[in-house]
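Have a look at the structure below, then the notes.
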Amino acid sequence: MRIHCKVVVITVCLGVFLLLYFLGGNAADDSPLKEVAEDYYFPTSSGLGNIVASKLTKKPLDELHILQKQPLTDRKEAKVVRGNAIAKRQRSDMGLGRLSSKRARAEEVMHLAVVACGNRLDETLTMVKSALLFSIKRIKFHIFAEDPLASQFEKKLSQWDRAISNKFQYSIYPITFSVGNAEEWKKLFKPCAAQRLFLPVILKDVDSLLYVDTDVLFLRPMDDMWSFLKAFNTTQLAAMAPEHEIPKIGWYSRFARHPFYGVTGVNSGVMLMNLTRIRRTLFKNSMIPSGLSWEDLLHPLYQKYKNHITWGDQDLLNIIFHYNPESLYTFPCQWNYRPDHCMYGSNCKGAEQEGVSILHGNRGVYHDDKQPAFKVVYDAIHEYPFEDNMFQSLFYPLQTKFLDTVNTLCGRIPQVFLKQVEKTMRTVYEKKVIRHVKPPPK
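See below:
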């Protein structure tokens, strides 16, 4: 009897326990949904390391069950929508910064002018290519050309790859002279060379400008030449290199029949100008006691000295800065390196130490065999395709071909021609690597 009672008691207790267990289980199932529906936060990642808190609003229990039963694809689409919204907010937050940086980049434009007449199309395009190969900031080219050449420039430049064309802008202008006889100016020294004298008058909206002859090649970024503008003092408004380093063998010091700048004169094949200062300045001269503006000075100066000048517009510039030496800044010879710096023996110490920065192949040395070292550099840049690796398709062929020039007057010192090119290419390569190899997102 006692055993029977014990079994009954145990059975009753077990039944009560099971009843309580099922009732408690149902209550437990309801409570998490109620808590989530009332007020619960969860963190989501935006992909850029920022944590955004998202809050679930109160929803009826049936609606939550519907959400739980959504297909997997719908839930993925919901995540994509949330991710796009977050990315959009982030882009909006960064918009102001990007706008400011774009404006800053837009202001960092260098201006380069060149004058091309006759058969100078390929030579000019090679100069433009050399400027674009190494330069960092965008360049605005101001190309002054005769009518037959203007359309050819348009055609050739429009064929360049978009990746290159995005690095520059250009404008093409007709050959014009604001004072005096246009035909007389046009025939002064070389065809159209006198056009450079009128750049401050024509390009009224340009503050500063680098002028180069068509036979110039950049072997380092134009940005470095552009930085000379910051070296100007308050009176300086233009910069050129000396015509020669040794007065005893310089042309002006031996043969000039007119005033010239300094001891050896200056060469105008590479000329950096602050056009704003030039337009505002009254220049001292030998014709009238008071100063004359740049535009008013050019024609009377030419009329006075036209029977005494040999190198045309360059001679006129030498005369102007002879009477206004405080207005001129002179940069070292490696920034306008010509055959005269090596054909009589090396006489440009700056090029020996740092390498040539700007090569000036005057006297047609790019197109004959008188100075093979100059021709090798020109041919290498002329034949280089923009999209190819610079070390493989530009520097190595240049280095190899230079071996054939070591027995020539200028080729005896190959490091003068190659040092700056190699340094510049290495810098460009390193910047490309740093730009493309980015650390993984956190």
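Counting from 0, one number per residue, gives the positions in the sequence shown under numbering that gives the first Met the number 0.
Don't be surprised by glycine CBs; every beta carbon is placed ideally from N, CA and C.
For residue i, does the count of other Cβ atoms within 10 angstroms reach 16, so buried, or fall short, so exposed?
i       : result
His-110 : buried
Ser-150 : exposed
Ile-319 : buried
Asn-335 : buried
Val-281 : For clarity, residue 281 is Leu in the given sequence; the question names Val instead. Exposed.
Gln-333 : buried
Val-211 : buried
Val-113 : buried
Tyr-395 : exposed
Tyr-301 : buried
Ala-238 : buried
Thr-175 : exposed
Gly-117 : exposed
Gln-391 : exposed
Tyr-428 : exposed
Ser-460 : This structure gives no information on residue 460, because the portion of the chain shown stretches from 0 to 441.
Val-420 : buried
Ile-142 : buried
Gln-352 : exposed
Ala-162 : exposed
Asn-317 : buried
Ser-134 : buried
Ser-226 : exposed
Secondary structure at residue i, three-state DSSP: helix, strand or coil?
i       : result
Lys-139 : strand
Ser-177 : coil
Gly-261 : coil
Tyr-304 : helix
Ser-286 : A small fix is needed here, since residue 286 is Met in this sequence, not Ser. Coil.
Gln-471 : The chain is shown only over 0 to 441; residue 471 falls outside these bounds and no answer can be derived.
Asn-273 : strand
Ile-357 : strand
Asn-317 : helix
Ser-207 : strand
Phe-385 : coil
Gln-489 : Residue 489 lies beyond the stretch modelled for the chain, which goes from 0 to 441, so this question has no answer here.
Phe-167 : strand
Pro-220 : coil
Tyr-251 : helix
Ser-292 : coil
Ser-30  : Residue placement at Ser-30 is flagged as unreliable, the pLDDT there being 40, under the threshold of 50; the coordinate-derived value follows with that caveat. Looking at Ser-30 - three-state DSSP - the assignment turns out to be helix.
Tyr-336 : strand
Ser-345 : coil
Tyr-365 : coil
So, for residue i: in the same chain, excluding its five sequence neighbours on each side, which residues have a beta-carbon less than 8 Å away from its beta-carbon?
i       : result
His-381 : Asp-121, Thr-125, Lys-128
Pro-373 : Per the sequence shown, the amino acid found at residue 373 is Phe instead of Pro. Contacts found: Pro-338, Leu-358, Gly-360, Val-364, Tyr-365, Cys-409.
Pro-199 : Met-272, Leu-274, Ile-277, Arg-278, Trp-293, Glu-294
Tyr-159 : Here residue 159 is Trp; the residue named in the question, Tyr, does not match the sequence. Only Phe-385 meet the Cβ criterion.
Ser-289 : Leu-281
Arg-443 : Since the displayed the chain opens at 0 and closes at 441, residue 443 lies outside it and no answer follows.
Leu-297 : Val-178, Gly-179, Leu-196, Phe-197, Leu-315
Lys-422 : Arg-219, Gly-354
Using a Cβ-Cβ cutoff of less than 7 Å, which residues in the same chain neighbour residue i once the five nearest sequence positions on both sides are dropped?
i       : result
Glu-242 : Gly-249, Trp-250, Tyr-251, Thr-263, Gly-264, Val-265, Asn-266
Leu-156 : Tyr-169
Tyr-343 : Ile-248
Val-375 : Leu-397, Lys-400, Phe-401, Thr-404
Gln-235 : Ser-326, Leu-327, Tyr-328
Along the beta strand (DSSP E) that carries residue i, what are the first and last residues, could you check?
i       : result
Val-114 : 108 to 115
Thr-329 : 327 to 329
Leu-216 : 215 to 217
Met-239 : 237 to 241
In the DSSP assignment, find the unbroken alpha helix (DSSP H) run with residue i in it and report its ends.
i       : result
Phe-401 : 395 to 401
Ile-201 : 198 to 201
Met-126 : 120 to 133
So, is the C-beta of residue i closer than 9 Å to a C-beta in chain C?
i       : result
Pro-199 : Within the model displayed, chain C is absent; a lone protein chain is all it includes.
Might you give, ordered along the chain, the residues of its own chain that have their beta carbon closer than 6 Å to the beta carbon of residue i, omitting 5 neighbours on each side?
i       : result
Gln-370 : Pro-338, Val-364, Cys-409
Gln-313 : Ser-267
Met-389 : Met-424
State yes or no: is the C-beta of residue i nearer than 8 Å to some heavy atom of the ligand MN?
i       : result
His-110 : Looking for the ligand MN in the displayed structure turns up nothing, as the structure carries no ligands at all.
At least 3 beta-carbon pairs within less than 8 Å: the stretch 255 to 263 vs the stretch 346 to 358: no
The stretch 214 to 223 touching the stretch 151 to 169, judged by at least three CB pairs closer than 8 Å: no
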